[in-house]
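Protein chains in written order, with my numbering: chain R, 1 to 144; chain Z, 1001 to 1144; chain G, 2001 to 2144; chain E, 3001 to 3144. Cβ coordinates follow ideal geometry from the N, Cα and C atoms, glycine included.
Protein chains: 4
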Amino acid sequence: MSNPDFSMDIQISFGHCDPAGIVFYPNYFRWFDRCFHTYLLKTAGGHRRLCRTLDAKGIGLMDVRANFTSPAMDGDLMTLDMTIRDWGRKSLTLGYLGRIGDRAVVEGTEVRGMFVMRDGRLRAGEMAPLRALLDAGIPEEDPA
Amino acid sequence: MSNPDFSMDIQISFGHCDPAGIVFYPNYFRWFDRCFHTYLLKTAGGHRRLCRTLDAKGIGLMDVRANFTSPAMDGDLMTLDMTIRDWGRKSLTLGYLGRIGDRAVVEGTEVRGMFVMRDGRLRAGEMAPLRALLDAGIPEEDPA
Amino acid sequence: MSNPDFSMDIQISFGHCDPAGIVFYPNYFRWFDRCFHTYLLKTAGGHRRLCRTLDAKGIGLMDVRANFTSPAMDGDLMTLDMTIRDWGRKSLTLGYLGRIGDRAVVEGTEVRGMFVMRDGRLRAGEMAPLRALLDAGIPEEDPA
Amino acid sequence: MSNPDFSMDIQISFGHCDPAGIVFYPNYFRWFDRCFHTYLLKTAGGHRRLCRTLDAKGIGLMDVRANFTSPAMDGDLMTLDMTIRDWGRKSLTLGYLGRIGDRAVVEGTEVRGMFVMRDGRLRAGEMAPLRALLDAGIPEEDPA
């Protein structure tokens, strides 16, 4: 993951950790999700704007996995890298790597779809229009 | 709080606790909120149904406080009692008491308003219609 | 997953859901973890007692995955089934299935290890002693 | 709160918000707690180091309150200011103000104690030694 598409720092705090003194694992997924949404914000004005433009309900999860290679504790600063791994016709695969200095603590993958309402049901829509908006970036005239 | 309007049990789990081994305090507010919403569900079909009926955006927080009198840990079963303390014209005051057996662990108060959109802004609406729906309960013909 | 080793009900509440109105996905992992810890509590007196007996730091995650097949919303009651899939020498694989009535909403797998301190480092310990304690259940003389 | 003792920015994300599209209120308390712990980290090497030095179990909550003056949404950047309001003999009072630009969204107060084990029970200890360590800052020779 030598050239991530987006990175953010997570300052690990007391409240993220469990009685064993290490990060309670569901928090890693909150950070994966936050990393993706911050990427959307910085790249294309955010999830709400994209959904409005694309008439979508959300860009949500279909599948996720993570592997925990080393513990993280209160006071650690974790750098979380996100890489766009694959654009499928109806899915987007994202890779994540969290590390503290050189030490990897979590490695994971999210598969997301863009959910649209069709015939009264939520369905996975085509990803091409989302990809085009992310490639285009934030238009000058749109402040938010 | 001898006669609560609603009660629920919370089985305190490992992931609710922090490195000191006791409940991470923001969780108590998640449980206050869950208690209120479960009360709405059991009494009047839930928050979504009420908001649709009342043309409201939500029944949300204006003010909250809590006092932590004793720690709770993984494995404890907490009973959380909710009492309707006061109906104001534009607010509802709820009291909470969490206890493990006879031992009080948290005592708190939420002040909630019903937020409605007026002239393009969220405003606190009149509470009387909400109170009437809660008093009336779930109509027979509405299954959800 | 016709014969789960443990099951619990999760009343899905407003605060578990995101602006799309469906469960924010990291919550499913909080529920997987809570299900496992409640199983430990009911079967063998809980995580703290087991770790004390086994001189372990925790029974934590090595790997996890989940597949989201259908959305869940405020007001839904989800039944979460847990099945012990496999005891490895240094790992335990657990399967989860969450459903609302007959509709599956999440299917997942956790791989857990028992972490012990050896030579100043956390390492995955042998699982056989944990398995023996879970098979034995809570001894009569130990109230907690 | 013109001269806070500590400030941090919170990038509000999709997963912090509820079906009404605004921050789910318990998150504000997670941020209050994180702000205090980050202050401890930057000022005196962090909660774990302080507790070890002071033979304390934790610097935890006795009382908390908050007032929500305006909603915050996905994409908002909230600046959270923390001010040390009062050092009592056995308590510390902290004030918080969260704002988005010039607009206040939350104002709150935490009262914390330093919990020490005395005669087999958790009790509130004297705050003077904690205050002295915070005033002294991180010693040169201690890297963590």
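Within the 8 Å Cβ cut-off, does GLY3075(E) reach chain R?
For GLY3075(E), the answer is yes, since a Cβ of chain R falls inside 8 Å of its Cβ.
From which residue to which residue does the alpha helix (DSSP H) around ASN2027(G) run?
Where ASN2027(G) is concerned, the enclosing alpha helix (DSSP H) stretches over 2026-2044.
Using a Cβ-Cβ cut-off of 8 Å, state whether SER13(R) counts as contacting chain A.
In summary, chain A is missing from the structure at hand, where the protein chains are R, Z, G and E.
According to DSSP, what are the bridge partners of SER1007(Z)?
Looking at the DSSP assignment, SER1007(Z) forms a beta bridge with ASP1081(Z).
What are the partner residues of ASP1063(Z), as DSSP defines its beta bridges?
DSSP, once it has assigned bridges, lists VAL1111(Z), ASN3067(E) as partnering ASP1063(Z).
At a cut of 8 Å, does the region 3119-3138 of chain E reach the region 3098-3111 of chain E through at least three beta carbon pairs?
No contact exists between the region 3119-3138 of chain E and the region 3098-3111 of chain E.
Would ARG52(R) and THR79(R) be called neighbours here (beta carbons separated by less than 8 Å)?
Their beta carbons are not under 8 Å apart, which means ARG52(R) does not touch THR79(R) by this criterion.
Reduced DSSP secondary structure (H/G/I, E/B, other) of ASP76(R):
It is coil, neither helix nor strand.
Hey, is ASP86(R) close to the ligand SAM, as in C-beta under 7 Å from one of its heavy atoms?
Among the components of this structure there are no ligands whatsoever, and the ligand SAM is therefore not found.
Proximal residues, the region 3112-3137 of chain E versus chain R, C-beta separation under 9 Å
With the criterion set as a beta carbon lying under 9 Å from some beta carbon of chain R, the region 3112-3137 of chain E has no members that meet it.
Pairs of beta-carbons, one from the region 17-33 of chain R and one from the region 2023-2042 of chain G, closer than 8 Å: are there three or more?
Taking one beta carbon from each stretch, the region 17-33 of chain R and the region 2023-2042 of chain G have 3 or more pairs nearer than 8 Å; the two touch.
Just the Cα atoms here: how many angstroms apart are ILE1138(Z) and LEU1054(Z)?
Note on geometry: alpha-carbon atoms of ILE1138(Z) and LEU1054(Z) lie some 14 Å from one another.
Assign ASP1086(Z) to one of three DSSP states: helix, strand, or coil.
Of the three classes helix, strand and coil, the one that applies to ASP1086(Z) here is strand, per DSSP.
With ALA2056(G) and PHE2115(G) assumed to form a contact (beta carbons below 8 Å), what rounded beta-carbon distance in angstroms separates them?
That belief holds up - the Cβ atoms of ALA2056(G) and PHE2115(G) are roughly 6 Å apart, short of 8 Å.
Please list the residues of the region 3018-3048 of chain E that have a C-beta atom closer than 9 Å to any C-beta atom in chain G, keeping them in chain order.
Answer in chain order: ASP3018, PRO3019, ALA3020, GLY3021, ILE3022, PHE3024, TYR3025, PRO3026.
CA-CA distance, ALA3144(E) and GLY3046(E)?
Residue placement at ALA3144(E) is flagged as unreliable, the pLDDT there being 49, under the threshold of 50; the coordinate-derived value follows with that caveat. Whole-angstrom Cα-Cα distance: 8 Å.
Start-to-end residues for the beta strand (DSSP E) that takes in ALA1128(Z)
Annotation for ALA1128(Z): no beta strand (DSSP E) segment contains it, though the alpha helix (DSSP H) segment containing it runs 1128-1136.
Buried or exposed, going by whether 16 or more other CB atoms sit within 10 Å of the CB of ASP1009(Z)?
Label assigned to ASP1009(Z): exposed.
Same chain, Cβ closer than 8 Å to THR3038(E), neighbours up to 5 away in sequence not counted
For THR3038(E), where only same-chain residues beyond five positions count, the Cβ hits under 8 Å are PHE3006, MET3008.
Going by beta carbon distance, what residues of the same chain come within less than 7 Å of MET1001(Z), once the five residues before and after it are set aside?
Bear in mind that a pLDDT of 47 at MET1001(Z), under 50, signals an unreliable position, so the model cannot answer this.
Mind pulling the chain G residues with CB within less than 8 Å of LYS90(R)?
For LYS90(R), none of the residues of chain G pass the 8 Å Cβ criterion, the least Cβ distance being about 14 Å.
Beta-carbon separation of ARG3034(E) and TRP3087(E) under 8 Å?
Taking 8 Å as the cut-off, the beta carbon of ARG3034(E) is found no closer than this to the beta carbon of TRP3087(E).
Same chain, Cβ closer than 7 Å to PRO3004(E), neighbours up to 5 away in sequence not counted
The residues are ASP3081, MET3082, THR3083.
Quick one, which of ARG3065(E), SER3013(E), THR3069(E), GLY3021(E) has its alpha-carbon nearest ARG3103(E)'s?
Check the Cα spacing between ARG3103(E) and each of ARG3065(E), SER3013(E), THR3069(E), GLY3021(E): the tightest is with THR3069(E).
Sequence-distant residues of its chain with Cβ nearer than 6 Å to ASP2076(G) (five each side left out):
Cβ neighbours of ASP2076(G) beyond the five flanking positions: ILE2012, ILE2100.
If you draw a straight line from the alpha carbon of ARG2049(G) to that of ARG3085(E), how long is it in whole angstroms?
Roughly 41 Å separates the two Cα atoms.
Looking at the strands, I want to know which residues DSSP matches up with THR1053(Z).
Residue pairing by DSSP leaves THR1053(Z) without any beta bridge partner.
Checking contacts by CB at 8 Å: is ALA1072(Z) closer than that to chain E?
Not an interface residue.
Please report the straight-line C-alpha distance between PHE3036(E) and MET3062(E), rounded to a whole angstrom.
In this model, PHE3036(E) and MET3062(E) are separated by some 14 Å (Cα to Cα).
Reference ASP1135(Z); option with closest CA among ALA1066(Z), PRO1071(Z), LYS1042(Z):
Residue nearest to ASP1135(Z) within the set ALA1066(Z), PRO1071(Z), LYS1042(Z) is LYS1042(Z) (criterion: CA-CA distance).
Same chain only: Cβ atoms within 6 Å of ILE1059(Z), ignoring 5 sequence neighbours per side
Answer for ILE1059(Z): ARG1112, MET1114, listed in chain order.
For ALA3128(E), count neighbouring C-beta atoms within 10 Å of its own C-beta (all shown protein chains included) and say buried if the count is 16 or more, exposed if not.
That one is exposed.
What do you reckon, are the CB atoms on MET2073(G) and GLY2021(G) nearer than 8 Å?
In this structure, MET2073(G) places its C-beta atom within 8 Å of the C-beta atom of GLY2021(G).
I'd like to know if ALA1104(Z) contacts chain E, where contact means its C-beta is closer than 8 Å to some C-beta of that chain.
No - not a single Cβ of chain E is within 8 Å of the one on ALA1104(Z).
Is the Cβ of ASP80(R) closer than 8 Å to any Cβ of chain G?
A small correction: the amino acid at residue 80(R) is Leu; Asp does not occupy that position in the sequence shown. Chain G contact via Cβ: absent.
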